[in-house]
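Enquirer: For reference, the structure I am asking about is given below.
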Amino acid sequence: MSKNDEQHFKVGQPLPPKTVSLDEIEDGVRRMLVGLGQQDKKEIMENTPRRVAEMYQDIINAPWCDIEIPWKCFSNRDEKGEKMIEDMVIVTDCHYVSLCEHHLSPALGIAHFAYVPDEKITGYSKIKKGLNYLSRQPQLNERLLKQTLDVVESVLEPKGVALILQSTHMCLVCKSNAPAQEVVTVQGFRGCLKDDPFRR
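Below, the structure written as structure tokens:
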């Protein structure tokens, strides 16, 4: 995430589309295919570079994960002014796609999210959209974890927030010494969710 994106988080404006140059990606893929010894295959050399460029554009700028920061929230108090929930809200099995920034290969992930509300609650789809916006670019698991927790904390101002990311990286799967079922897990707990009673 660039400094420009961080400014957007602070001022609450829509997050900008990530910059993608189809022509530059296409040129790079064509050079890579030559490096892979594919220059004699007419169909590959004529059409594959553009297909790859368009695929990466679709991964990075998927239209359905556009989101404004801060996203819409709701009051955690009922008509009598009493808090509706003071325990955990948990959303599990949120699927996401990312790109390993070391190899530019896809990483397929599942996220498990929890927060303890204070004055705000939110729609579950917004949390998933925020995760998807941050994940759909060359990323590190550790950075994605921190960025997502930072955004959720800034928008919801909860008493506590937790996130577990489990992902399968194609760069690991494709190595001969790595079984396909290997899963990388990172997790973060903040606020009251650092305390033992919430983590049993």
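Quick note, in numbering that gives the first Met the number 0, the sequence shown goes up one by one and the last residue is 199.
Each residue gets a CB set at the ideal place from its N, CA and C atoms; glycine is no exception.
Note that the structure is predicted; figures quoted are calculated from it, not measured.
What is the rounded straight-line gap between the Cα of Lys9 and the Cα of Pro116?
Expert: With a pLDDT of 49 at Lys9, under the threshold of 50, the modelled position of this residue cannot be trusted; read the value that follows with caution. Their Cα atoms are separated by approximately 21 Å.
Enquirer: Determine the direct distance from the alpha carbon of Leu144 to that of Val90, and round the result to whole angstroms.
Expert: Spanning the two alpha carbons is a distance of roughly 15 Å.
Enquirer: Please state the DSSP three-state secondary structure of Thr224.
Expert: Past the edges of the chain, shown from 0 to 199, lies residue 224, and the structure says nothing about it.
Enquirer: Is DSSP giving Leu14 helix, strand or coil here?
Expert: The answer is coil: DSSP assigns Leu14 none of H, G, I, E or B.
Enquirer: Going by C-alpha distance, which of Lys79, Gly80, Glu100 is nearest His168?
Expert: The candidate whose alpha carbon is nearest that of His168 is Glu100.
Enquirer: Tell me whether the beta-carbon of Leu164 lies closer than 9 Å to the beta-carbon of Tyr114.
Expert: In this structure, Tyr114 does not lie closer than 9 Å to Leu164 by Cβ.
Enquirer: So, is Arg29 buried or exposed, given that buried needs 16 or more other C-beta atoms within 10 angstroms?
Expert: With 16 or more other Cβ atoms within 10 Å, it is buried.
Enquirer: Using 9 Å as the threshold, is the C-beta distance between Gly187 and Leu162 below it?
Expert: Yes, they are a contact pair.
Enquirer: Thinking Trp70 and Lys125 are a contact (beta carbons under 8 Å), I'd like their distance in whole angstroms, please.
Expert: Right, their Cβ atoms sit about 4 Å apart.
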